[in-house]
């Protein structure tokens, strides 16, 4: 069987992102890439997420250009993949970001265990004065996707 590969439309990509809740987030510091699993909620061109302080957050603060990849395997031999190139924005609990932070929380809390990956930090303890967690958004700059299916 041959594989048929096609590009997804922007609308198809956005629809897939709105239905997805798990993906891989890539960031980069001084030429070194870093890729981590992440839970997120996507709405209105923003992927909202939650994290504990650590390498990922430090790197995204240094270089806010990030990439989010989501995939589905609807059946044996077929797949869909969407890649978002975007910009990291921390959502602190202050006057500027308070409403958007609440919006992020309201979207994330609809899904069980949305906080698990972001809250687990084996062998790492943040400094006592550091916040224990943070919300952030990945603001979409562009998106692309592909679908592969088997031909009969």
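Residue numbers (this note's numbering): 103 to 254.
Ideal Cβ placement from N, Cα and C applies to all residues, glycine included.
6 Å CB neighbourhood of residue i in its chain, flanking five on each side removed
| i | result |
| --- | --- |
| residue 186 | 170, 242 and 245 |
| residue 138 | 127 and 158 |
| residue 207 | none |
Between the CA atoms of residue j and residue i - distance to the nearest angstrom
| i | j | result |
| --- | --- | --- |
| residue 221 | residue 122 | The predicted position of residue 221 is uncertain, since its pLDDT is 46 and thus under 50; a value taken from the coordinates is nonetheless stated next. About 20 Å. |
| residue 161 | residue 145 | 24 Å |
| residue 136 | residue 197 | 31 Å |
| residue 178 | residue 203 | 39 Å |
| residue 112 | residue 247 | 8 Å |
| residue 180 | residue 149 | 25 Å |
| residue 175 | residue 237 | 29 Å |
| residue 143 | residue 133 | 28 Å |
| residue 190 | residue 114 | 23 Å |
| residue 106 | residue 182 | 12 Å |
| residue 234 | residue 156 | 11 Å |
Residues bridged to residue i [DSSP beta-bridge criterion]
| i | result |
| --- | --- |
| residue 187 | 169 and 244 |
| residue 140 | 125 |
| residue 193 | DSSP lists no partner for residue 193. |
| residue 182 | 174 and 249 |
| residue 104 | Partner(s): none; residue 104 has no beta bridge. |
| residue 239 | 150 and 191 |
8 Å CB neighbourhood of residue i in its chain, flanking five on each side removed
| i | result |
| --- | --- |
| residue 104 | 252 and 253 |
| residue 165 | 129, 130 and 131 |
| residue 117 | none |
| residue 163 | 190 and 192 |
Start and end residues, alpha helix (DSSP H) containing residue i
| i | result |
| --- | --- |
| residue 113 | 112-121 |
| residue 208 | 200-210 |
| residue 157 | 157-164 |
CA nearest to the CA of residue i, picked from the options
| i | options | result |
| --- | --- | --- |
| residue 184 | 108, 172 and 250 | 172 |
| residue 119 | 107, 109, 147 and 152 | 147 |
| residue 124 | 117, 109 and 151 | 151 |
| residue 240 | 140, 211, 156 and 201 | 140 |
Spatial neighbours of residue i in its chain, beta-carbon cut-off 7 Å, leaving aside the 5 residues before and after
| i | result |
| --- | --- |
| residue 195 | 203 |
| residue 210 | 143, 150, 152 and 216 |
First through last residue of the beta strand (DSSP E) which encompasses residue i
| i | result |
| --- | --- |
| residue 149 | 148-153 |
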